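Residue numbers (the working numbering): 1 to 211.
Glycine included, every Cβ here is placed at the ideal spot set by N, Cα and C.
No experiment lies behind these values; they were computed from the predicted model shown.
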Amino acid sequence: MNDLIGNPLTLTASGEIRCVHCGRRTSKSFNQGYCYPCFRSLAQCDRCIIKPEQCHYFNGTCREPEWGEAHCLRDHYVYLANSSGIKVGITRGTQIPTRWMDQGATQALPVFRVKNRLISGLVEVVLKQHVADKTHWQRMLKGEANPVDLAARRDELVETCRSELDTITQQHGEDAITWLEQEQTVDIHYPVETYPAKVTSFNLDQTPGIS
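Below you can see the structure in the form of structure tokens.
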């Protein structure tokens with residue numbers, strides 16, 4: 001897409017919706033692209049994808065245990081990122097740094113490596129009592145966030161949350177959480193010519209063509 005920077009673009013919605021998983025034509029999209037049967041049956045559409053602290057694999061109720069083993073029972077990373085401001089997030093190692101760029105982060109710092117998705121969610125719940133867990137996309141699109149000392153903020157959070165983090169370790173094992181205190185902040189730069197003064201959202205159902 002970098003080759004198109006500075007050139008006029010037109011996006012046109014065809015009006016046809018197909019499930020991103022099975023390809024079935026559907027009149028309505030669920031969970032950002034799925035048909036209703038897939039939305040109801042796939043593990044990747046379950047509530048624990050949005051709220052990983054509610055992972056229920058170990059209760060024996062995962063919709064697709066094999067999918068859960070491949071995607072959730074893997075090391076995850078809890079990180080701090082600077083997009084519209086400092087936020088906490090989680091991702092698998094295979095999604096670093098893609099996840100950060102998807103969120104428009106200009107800085108990112110892995111803080112913990114944890115042994116599965118459930119624990120990443122539990123740690124995130126602890127940290128988001130003290131730092132945001134969402135990006136304000138309008139603010140992010142208007143310009144780069146001011147640089148911050150993520151390492152210093154990490155150290156503050158770890159100290160503030162030490163007791164609650166220790167409780168998670170006691171419940172899930174000494175290898176549940178690894179503090180990545182030697183990690184360095186990653187700086188990310190985007191090839192932006194100018195940032196917009198005003199940001200608005202588009203609804204392709206109402207406006208099928210955008211230029």
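Out of Met1, Gly85, Ile177, the CA that lies nearest to the CA of Gln138 is found in Gly85. Counting along the chain, the unbroken alpha helix (DSSP H) around His71 starts and ends at 65–71. In this structure, the beta-carbon distance from Arg117 to Pro191 does not fall below 8 Å.
Straight-line spacing of the CA atoms in Ala152 and Lys115 works out to 25 Å. Short of 7 Å from the beta carbon of Ala43, and not among the five residues preceding or following it, lie these beta carbons of its own chain, in chain order: Cys62, Arg63, Glu64, Trp67, Gly68. Residue pairing from DSSP places Tyr34 in a beta bridge opposite Phe30.
Thr10 and Asn203 have their alpha carbons spaced roughly 14 Å apart. Secondary structure of Ala152 (DSSP, three-state): helix. Separation of the CB atoms of Ala81 and Ala108 is rounded to 4 Å, and the pair is thereby assigned contact status at 8 Å. Apart from the 5 residues on each side of it in sequence, Lys142 sits with its Cβ closer than 7 Å to the Cβ of Tyr195, Pro196, Val199 in its chain, given in chain order. DSSP places Asp133 outside both helix and strand once states are collapsed to three, so it counts as coil. For secondary structure counted as the beta strand (DSSP E) over 3 or more consecutive residues, the region 94–139 holds these complete runs in sequence order: 107–114.
Here the C-alpha atom of Asp187 lies approximately 6 Å from the C-alpha atom of Thr106. In the displayed model, Tyr190 falls within coil according to three-state DSSP, outside both helix and strand. For Val148, the closest alpha carbon among the candidates His71, Gly104, His130, Thr185 is that of Thr185. Across the structure, Ala70 and Lys87 are spaced so that their CA atoms are roughly 27 Å apart. Remark: C-beta atoms of Cys22 and Gly121 do not approach each other more closely than 8 Å. Per the coordinates, the alpha-carbon of Trp179 lies some 27 Å from the alpha-carbon of Asn59. In the structure shown, the three-state DSSP call for Asn146 is coil.
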